[in-house]
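Chemist: Residue 71 is where the sequence shown starts when you use this note's numbering, and the numbers rise one by one after that.
No residue lacks a Cβ here, since even glycine has one placed at the ideal position from N, Cα and C.
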Amino acid sequence: RLITQNGVPYYKIGEEYQFNHVELIEWATRLGIKVSDQPLPQSDSNNSPTLNFSDALEAGSILYDVEGKDKSSVLRNIVYSMQLPVNTDREYLLEILESREKLGSTGIGDGIAIPHVRNPVVLRKADPLVTICFLKNPIDFNSLDSKPVKVLFLLISPNIRMHLYFLSRLSFVLQNKDFKEAIQERANPDRIKHSLIKAESLSTSINIDTPEQETTTA
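The structure is reproduced here in structure tokens:
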């Protein structure tokens, strides 16, 4: 009953309830529920790489005054403006993003949306990529709070585990006052990156070299 009352995303197979990690983090982020930046146990490996959200943003870009009159046109303009590896099939990337939106809006409230894909589908790239996009005009994104979206964080991750990590990482840094203000004020790239690094310094990077998991059975 607690699951259905709170709108927790789940799947019921027989008498068992199953939960998708990605959907749970998206659900928590939309409701403003504080999410740990360490969603999965650490690996015992001492040689596992660690990644920060700021590293992924450095690999991506920050776009200002992105035009578009609706969700579809905004996503198209972002895909064709963002920094991507040479020979990336941008049209296919756009199709994947639009398909994800049809499953449910990625608008999390407070004028923010987080469209995302796992990049092996569209990119030959092992590292995650984040692009921050400030829209010229707010658009309806069917967000939970019904507020129009002004800024998008587009996430492209190479696997489920890293995808979970960066979703929770984004949720974590958006709880930081300085970073949230920098985003709301459409600050310059230097201020955004500085406030992001400062926000991340309050937590510990996790290792990502562990088996992927998409569902948990209750």
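In terms of alpha-carbon separation, which member of Leu244, Ile202, Arg256 lies closest to Glu270?
Modeler: Position 200 of the sequence shown, counted from the first residue, corresponds to residue 270. Comparing Cα positions, the closest option is Leu244.
Chemist: Who are the near neighbours of Ala252 in its chain, counting only those whose CB is closer than 7 angstroms to its CB and skipping five residues on each side?
Modeler: For the purposes of this step, residue 252 is taken as residue 182 along the sequence shown, with counting starting at 1. Once the five neighbours on either side are set aside, the close Cβ partners of Ala252 are Arg261, Ile262, Ser265.
Chemist: What does DSSP give as the partner residue(s) for His186 in the beta ladder?
Modeler: Within the sequence shown, numbered from 1, the residue matching residue 186 stands at position 116. DSSP, once it has assigned bridges, lists Leu225 as partnering His186.
Chemist: So Gly130 and Leu193 are supposed to be a Cβ contact under 8 angstroms. How far apart are they, rounded?
Modeler: Start at 1 with the first residue of the sequence shown, and residue 130 comes out as number 60. Start at 1 with the first residue of the sequence shown, and residue 193 comes out as number 123. Their Cβ separation, rounded to whole angstroms, is 12 angstroms, which puts Gly130 and Leu193 out of contact at 8 angstroms.
Chemist: For a quick check, are the C-beta atoms of Gly181 and Lys206 less than 8 angstroms apart?
Modeler: Taking the sequence shown and counting its residues from 1, the one referred to as residue 181 is at position 111. Taking the sequence shown and counting its residues from 1, the one referred to as residue 206 is at position 136. Not closer than 8 angstroms, so no.
Chemist: My guess is that Val149 and Leu173 are in contact by the Cβ rule of under 8 angstroms, so how many angstroms apart are they, rounded?
Modeler: Position 79 of the sequence shown holds residue 149. Position 103 of the sequence shown holds residue 173. About 18 angstroms separates the two Cβ atoms, so there is no contact after all.
Chemist: Could you pull the start and end residues of the beta strand (DSSP E) that Ser295 belongs to?
Modeler: The structure shown has nothing for residue 295, since the chain only spans 71 to 288.
Chemist: What is the DSSP secondary structure of Pro111, reduced to helix, strand or coil?
Modeler: Residue numbering aside, residue 111 sits at position 41 when the sequence shown is read from its first letter. Note that Pro111 scores 40 on pLDDT, short of 50, meaning its location in the model is unreliable and no value can be drawn from it.
Chemist: Can you name the start and end residues of the alpha helix (DSSP H) that Asn147 belongs to?
Modeler: Counting from one through the sequence shown, the residue named residue 147 turns up at place 77. 141-149 is the extent of the alpha helix (DSSP H) around Asn147.
Chemist: Just tell me which of Asn122, Asp135, Glu161, Leu121 has its CA closest to the CA of Arg256.
Modeler: For the purposes of this step, residue 256 is taken as the residue at position 186 of the sequence shown. Of the listed residues, the one whose Cα sits closest to Arg256 is Asp135.
Chemist: When you compare only the Cα positions, how much space is there between Ser238 and Leu127?
Modeler: The residue labelled residue 238 in the question sits at position 168 within the sequence shown. The residue labelled residue 127 in the question sits at position 57 within the sequence shown. When rounded, the distance between both Cα atoms is 15 angstroms.
Chemist: Drop a sphere of 10 angstroms on the beta-carbon of Ala183, count the other beta-carbons inside from all chains shown, and report buried for 16 or more, exposed for fewer.
Modeler: The residue given as residue 183 occupies position 113 in the sequence shown. With 16 or more other Cβ atoms within 10 Å, it is buried.
Chemist: Roughly how many angstroms lie between the CA atoms of Pro185 and Ile178, to the nearest whole one?
Modeler: The sequence position of residue 185 within the sequence shown is 115, counting from 1. The sequence position of residue 178 within the sequence shown is 108, counting from 1. Approximately 10 angstroms between the Cα atoms of the pair.
Chemist: With distances taken between CB atoms, is the gap from Ile209 to Asp140 smaller than 8 angstroms?
Modeler: To locate residue 209, count along the sequence shown from 1; it is residue 139. To locate residue 140, count along the sequence shown from 1; it is residue 70. Yes. Within cutoff.
Chemist: Kindly indicate which residue of Val144, Arg170, Glu137, Ile226 has the alpha-carbon position closest to the one of Pro155.
Modeler: As a working mapping, residue 155 is identified with position 85 in the sequence shown. Measuring C-alpha to C-alpha distances from Pro155 to each of Val144, Arg170, Glu137, Ile226 identifies Ile226 as the nearest.
Chemist: Please work out which residues of its chain come closer than 6 angstroms, Cβ to Cβ, to Leu133, disregarding the five sequence neighbours upstream and downstream, and give them in chain order.
Modeler: The sequence position of residue 133 within the sequence shown is 63, counting from 1. Sequence-distant partners of Leu133 (beyond 5 residues in either direction) whose C-beta falls short of 6 angstroms from its own C-beta, in its chain, are Ser151, Cys203.
Chemist: Using a Cβ-Cβ cut-off of 6 angstroms (strictly less than) and excluding sequence neighbours within five positions of Glu137, which residues of its own chain qualify?
Modeler: Locating residue 137 in the sequence shown gives position 67, where the first residue counts as 1. Correct list, in chain order: Asn147, Lys206.
Chemist: Between Ser175 and Phe211, is the Cβ-Cβ spacing less than 8 angstroms?
Modeler: Translated into positions along the sequence shown, residue 175 becomes position 105. Translated into positions along the sequence shown, residue 211 becomes position 141. Yes, these two residues count as a Cβ contact at 8 angstroms.
Chemist: Measuring alpha carbon to alpha carbon, tell me which residue in His233, Pro218, Ile267 is nearest Asn246.
Modeler: Taking the sequence shown and counting its residues from 1, one reaches residue 246 at position 176. Among His233, Pro218, Ile267, the Cα nearest to that of Asn246 belongs to Ile267.
Chemist: What are the boundary residues of the beta strand (DSSP E) that includes Pro208?
Modeler: One-based indexing of the sequence shown puts residue 208 at position 138. That run of the beta strand (DSSP E) goes 199-209.
Chemist: What did DSSP end up calling Val219 once you bin it into helix, strand or coil?
Modeler: The residue labelled residue 219 in the question sits at position 149 within the sequence shown. Val219: strand per DSSP, three-state reduction.
Chemist: Quick one: give me the first and last residue of the beta strand (DSSP E) that Gly177 is part of.
Modeler: Within the sequence shown, residue 177 is the residue found at index 107, counting from 1. It spans 177-179 - the beta strand (DSSP E) in which Gly177 sits, taken as one unbroken run.
Chemist: Just verifying my parser: in three-state terms, what is the DSSP assignment at Ser265?
Modeler: As a position in the sequence shown, residue 265 is number 195, starting the count at 1. Of the three classes helix, strand and coil, the one that applies to Ser265 here is helix, per DSSP.
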